[in-house]
Every structure is written in C-alpha cells, then in structure tokens.
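First up is the structure itself, then whatever we jot down about it.
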Amino acid sequence: MTSRFRVLAFTIYVVAFIVGGVLMGFEMLGSRYLFPYFGGGIGTWASLISTVLCALAIGYFAGSAMIARHPSQRTIGVFILIAAGYLACVPATADGVMEKILSGLGDGPAATLTASTALLLVPLSLLGTFSPIAVSILTRSAEEAGRVAGLVYGVSTIGNVVGTLLTTFTLIPTIGSRAITYIFALTLACCAGVLFLPFGRR
Amino acid sequence: MVIRSVTFGAIASALVGIAAAPAQDSRNLLESKESLYNNIYVYEQPPYVSMTFGHNRRIYTESVYNTRDDRDLPVEYTRFMTAGLMYAKDVHSVLEIGFGGGRTSWYLHRFLPNVQVTSVELDPTVVELARKYFGIKEEPNFQVVNRDGRLFLQESKEHYDLILIDAYRGPFVPFHLLTKEFYQIVREHLADGGVVAQNVEPSTMLFDSAVKTINAVFPQLDFYRADGNIVTVAYDGAERKPEDLAGVARDRDKAYGLRYSLLDMLSQRRHIQIAGGNVIDPSAKVLTDDFAPVETLKNIERHNRKLP
Chain S
1 MTSRFRVLAF TIYVVAFIVG GVLMGFEMLG SRYLFPYFGG GIGTWASLIS TVLCALAIGY
61 FAGSAMIARH PSQRTIGVFI LIAAGYLACV PATADGVMEK ILSGLGDGPA ATLTASTALL
121 LVPLSLLGTF SPIAVSILTR SAEEAGRVAG LVYGVSTIGN VVGTLLTTFT LIPTIGSRAI
181 TYIFALTLAC CAGVLFLPFG RR
Chain Y
203 MVIRSVTFGA IASALVGIAA APAQDSRNLL ESKESLYNNI YVYEQPPYVS MTFGHNRRIY
263 TESVYNTRDD RDLPVEYTRF MTAGLMYAKD VHSVLEIGFG GGRTSWYLHR FLPNVQVTSV
323 ELDPTVVELA RKYFGIKEEP NFQVVNRDGR LFLQESKEHY DLILIDAYRG PFVPFHLLTK
383 EFYQIVREHL ADGGVVAQNV EPSTMLFDSA VKTINAVFPQ LDFYRADGNI VTVAYDGAER
443 KPEDLAGVAR DRDKAYGLRY SLLDMLSQRR HIQIAGGNVI DPSAKVLTDD FAPVETLKNI
503 ERHNRKLP
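Chains S and Y, in that order, give the protein sequences.
Quick note: the first sequence, position 188, residue 188 per the numbering used here, numbers continuous.
Quick note: the second sequence, position 102, residue 304 per the numbering used here, numbers continuous.
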C-alpha cells in the first residue's frame, strides 16, 4: 500500500464520517423547518424519514450506476459541493417554499411529503452517492470488497449517529436552525475541498 | 443519558403500566386508547371523569369533567382561563387552541349563548373520547375543529375577541405553538380590543422564555396564579386600570350570570413588568421558529426568581 493511497483512504473515511453526520443532522433539522407549517405530528416525521431513505436509495443506485465510469474522489467532491450549495440556499428560501406548499396542498401527507422532498431529496441523494463510490475507490482487489464496504458503511453509520445526537441535543438548543444549516453547508464544502486535493491518480 | 433514561422510562411504564402512578387506585379505568399523538387514559371517580395522557412513568391530567354538572370547572386554572372576558372590548367570538376534554370552551358556550365558541384540537382521538365521556356535542354556538392549532389560525380569516391557548401534551408544548411567529399569527386573528389567555406551567426555565416570547408580541401581561399553573392574559395598548377592569367584570358577571365571578378573579391579578428582571430571568431568550429549544428549557429547573 502506497503512502499516498493510505492518505487518500484515511481522508475518505473521515469524510464518510462527516457526511454521515451532516446527513442525519439535516434530517433532524428538517423537523424544525416543517413543524411550523405542517404541525409536529407523526405524519411529518414519517414524511421526513421516508424522504431521507428514498434519497439514500437514489444516491446508492446512482452511485453504483456510475462505478463503470471509474469515478474518482473528485466526482464525490463535486456532488458534495453541489449538496453544500443546496443547503446554503435553504435558510433564505425555506419559508417561502413551505408557505406555497401549505397554501397549494394543505397539510396532509401529500403536502408533508412534498415539503420534505423539496427540503431533503436533492442534497441527500447527492450525499448518498458517496458510499458506493468510496467503496469502489478503496477496493483494489475482489477479496477486499466486503471488508471495505463494511468499513465505509460502518464509519458513515457512526457519523449518522453522532450527527443525530449532536444536532438534537447540542446544536438545536444552542444556535438557531438557520445557523446550523449554514454550518452544515460550510462543513460539506470543506469536505469537498479536501477531496479536490491531489492524492495522485488511480 | 437522556436517551437511555427516556427509553428506560418508556419500557418501565410499558411494564408497570398505569398501576405505578400514585393516586390511581381509587379510580376506575373506563378506556385507554393509543392515538397518533398520545396514550390516553380515561378514568372515572364518581362524579368525576378525567382524561389523562401517559408519558414515561407519569400520568398527566388533561381534563376533569363533573358528570353531574357540565358547567363545573373542577380544575382551578381553567376558571382563570375565562379571566380574559373582563379585558376584551367586545365578546362575540372565542377561540380555544388545545381542546382536551373541552371544559373551558364548553363552560363559555353555556354561559355565553350568543357567543360563537370554536375549539381546535390536534388529536382526533381526544375529540372522540371527549364526545364519548365528557358530554361534548356540536351546538349552534359551539364547534370543535380537528386541526393543528397553528395551521388552523394560519388559514383562518376570522377574528376573535378572546383566544385561549392551552396546548399542553402531557408535560410538553409543541415548539411551533410557543414562538414569536406563532403569537404574531395569534395577534393577527384578534378582533379590535381582543385578548389572549394562555396556560403556562411555571416550574422550569421554559416559563421564562415563554413569557418573554408572549411579551415580544403583546406589551401588557397579567398573571393569574392557580394551583400549579399560571394563566397569562396578554393584550395590546396601555396597561388596564384595575377600576376599569372591575367595572367590566361587574357588568359581565351580571350579564352572563357567570359561575366563576370575574370580579373575584380580579383580586388575584398581578401585572407583570418583564423589564425589571425580578419575575422573569433577564437572560431568558425569546423563542422563534428558528430558535426554540423547548425540550432543553423544560429540563432546567427554575429557582432564584420568585413568582408574584
């Protein structure tokens, strides 16, 4: 294993952790954006959770479909950067979008699903492409595939857990939801920046 | 730790059930129902029927109904919820957010037959049980709407002389019913000279923030203390003089034949100055849709400051 590859692998695991954290953190934040408009019921949560899982499915499928073209860490860097841009637009636009959905569709399942889709689907689908592409970059031989996949998903899932708890119990009680969204956008942009660094060619 | 204790509490309550709650022994469980939002238990202890929500190992009484007297308000603070009647310029329409067993709104519609009383309740099962056990039915001047309180107001074009807010779900208040934006919507739906009466539980730091938030929209606040609760009456304009309030209270006590005299309530009135910092913690923050850590504030015990 070359030292360059080791650095690349380490970077990808760190980014997997952070992206996992932002992903679930943003789901928790989603509740703060939706509740004032659609109420704090179980229906709103069901919409948020199903949208996140849909986004992940889309991201996993899209990522796996791209593997044949040998995507690099820069490809995921680009996706993460677009997701960061999307998040950065959320605080200023969310209220207008939620109001339109509320006046157009009411507050039933169609409305909460549309609202959570508008908020979460695009950035989380983009982040969802991370894991399959990361696995393909880190896998150098067939017998490594299972080990690498397990590591990537394990690290990113721990990131999910940390993101959920940190957002809920520390960030939301200390700073506003809009500020947290900007922090998430900035964090993702930094991750993308790191992935653009020259790690050598595959 | 928070997660674990909550999970443990939930498991414990599931195992031990309602038997663990004190003072339940003499009561007879009429029905328990798991709704979309709550675990609801209806108990009977003649002549009273009570609706309670279970959270963790505790049982929170939401409403008590005297089956022999539908105009009785056995829970003290609910009487003070009617104190707003002596502040409102006119009394044509009343809105209640948080119906529960519907005692306050039912009392108002019985004593004020020419006033339109509307109550909004999120949980359809709560409304269903209230109809079944609490003698609630549609009447020409009384209706219950099954809707999120904030959504109802947002879409409503009506204006009300008195808006009552009592949207506790067990120990919690949904955060979107406790922000500055919410009270602005409430204010937009007040008729000229209209007032707001809100039930707030005063034992935690959430109280300070809630009161400050109400004050960010309504300049005048009067407190009425009852049992473990405080009813806040909030209104616009200058502070109302006690003698003016007494005049209106006397008139309306007589005009409506109110069982719980407004004039008697007036003696409990405490006008609150937020600015001094004596009553409300000066460091308490106004809650907004962006920043409303209600769960965290709820967990901070309130000491230091004395309530009036």
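Virtual Cβ for every residue (Gly too), placed ideally from N, Cα, C.
- S:Ser177 belongs to the set of residues whose beta carbon lies under 8 Å from a beta carbon in chain Y.
- For the segment 362-382 of chain Y, the residues whose beta carbon sits under 8 Å from a beta carbon of chain S are, in order, Pro376, Phe377, His378 and Thr381.
- Taking the C-beta atoms as reference points, Y:Ser405 is found no nearer than 8 Å to Y:Lys487.
- Residues of the segment 28-43 of chain S whose Cβ lies closer than 8 Å to any Cβ of chain Y, in chain order: Arg32, Phe35, Pro36, Tyr37, Phe38, Gly39, Gly40, Gly41, Ile42 and Gly43.
- With its beta carbon at least 8 Å from every one in chain S, Y:Leu489 lies outside the interface.
- By the Cβ rule, the segment 167-174 of chain S does not count as touching the segment 57-65 of chain S, because fewer than three pairs are nearer than 8 Å.
- Secondary structure at Y:Val375: coil, using DSSP grouped into helix, strand and coil.
- Judged by DSSP secondary structure, Y:Val322 falls within the beta strand (DSSP E) whose first and last residues are Gln318 to Glu323.
- S:Val78 has its alpha-carbon roughly 58 Å from the corresponding atom of Y:Thr280.
- Out of Y:Phe377, Y:His473 and Y:Glu330, the CA that lies nearest to the CA of Y:Asp492 is found in Y:Phe377.
- When CB distances to chain S are screened at a threshold of 9 Å, the residues of the segment 334-366 of chain Y falling below it are Arg349, Asp350, Gly351, Arg352, Leu353, Gln356 and Glu357, in chain order.
- At least one C-beta of chain Y is nearer than 8 Å to the C-beta of S:Ile172.
- Taking a 10 Å sphere around the C-beta of Y:Lys414, we find 16 or more other C-beta atoms and assign the residue as buried.
- Annotation: Y:Tyr385 has no Cβ neighbours in chain S at a cutoff of 8 Å; minimum Cβ distance is about 12 Å.
- Cβ-Cβ separation between S:Val152 and S:Ala16: approximately 6 Å, consistent with a contact (criterion under 8 Å).
- Taking a Cβ-Cβ threshold of 8 Å, the residues of chain S close to Y:Tyr239 are Gly41 and Ile42, in chain order.
- DSSP, read as helix, strand or coil, puts Y:Asn268 in strand.
- Taking a Cβ-Cβ cut-off of 8 Å, the neighbours of Y:Leu324 in chain S comprise Gly39 and Gly41, given in sequence order.
- Minimum Cα-Cα distance from Y:Leu324 among the listed residues Y:Leu355, Y:Asn343 and Y:Arg312 corresponds to Y:Leu355.
- Counted as a single uninterrupted DSSP element, the alpha helix (DSSP H) harbouring S:Phe35 occupies residues Ser3 to Phe38.
- Contacts with chain S (Cβ-Cβ distance below 7 Å) from the segment 463-497 of chain Y involve Asp491, Asp492, Phe493 and Pro495, listed in chain order.
- Scanning its chain for C-beta atoms nearer than 6 Å, with the 5 sequence neighbours on each side dropped, one finds around S:Ala149 the residues Val135, in chain order.
- Each residue's CA atom was taken as its position, placing S:Gly41 and Y:Asp453 some 43 Å apart.
- Around the beta-carbon of Y:Asn417, 16 or more other beta-carbon atoms lie within 10 Å, marking it buried.
- Judged by DSSP in its simplified three-state form, Y:Ala332 adopts helix.
- The beta carbon of Y:Glu341 sits closer than 7 Å to the beta carbons of His311 from its chain, once the five residues preceding and following it are set aside; these are given in chain order.
- Counting the other CB atoms within 10 Å of its CB gives S:Lys100 a total below 16, which places it among the exposed residues.
- Scanning its chain for C-beta atoms nearer than 6 Å, with the 5 sequence neighbours on each side dropped, one finds around S:Asn160 the residues Gly20 and Met24, in chain order.
- The beta strand (DSSP E) runs lying completely inside the segment 415-445 of chain Y and spanning 3 residues or more are 422-428 and 431-437, given in chain order.
- Your pair S:Met98 and S:Tyr33 checks out as a contact, with CB atoms roughly 7 Å apart and the cut at 8 Å.
- If you look at S:Ser125, you'll find it in the alpha helix (DSSP H) that goes Val122 to Gly128.
- Counted as a single uninterrupted DSSP element, the alpha helix (DSSP H) harbouring Y:Gly351 occupies residues Gly351 to Glu357.
- Residue burial annotation: S:Gly128 is buried, with at least 16 other C-beta atoms found within 10 angstroms of its C-beta.
- Across the structure, Y:Gln470 and Y:Pro444 are spaced so that their CA atoms are roughly 11 Å apart.
- The alpha-carbon of Y:Gly449 is positioned some 11 Å away from that of Y:Arg442.
- Boundaries of the alpha helix (DSSP H) harbouring S:Asn160: Ala145 to Leu166, taken from the DSSP string.
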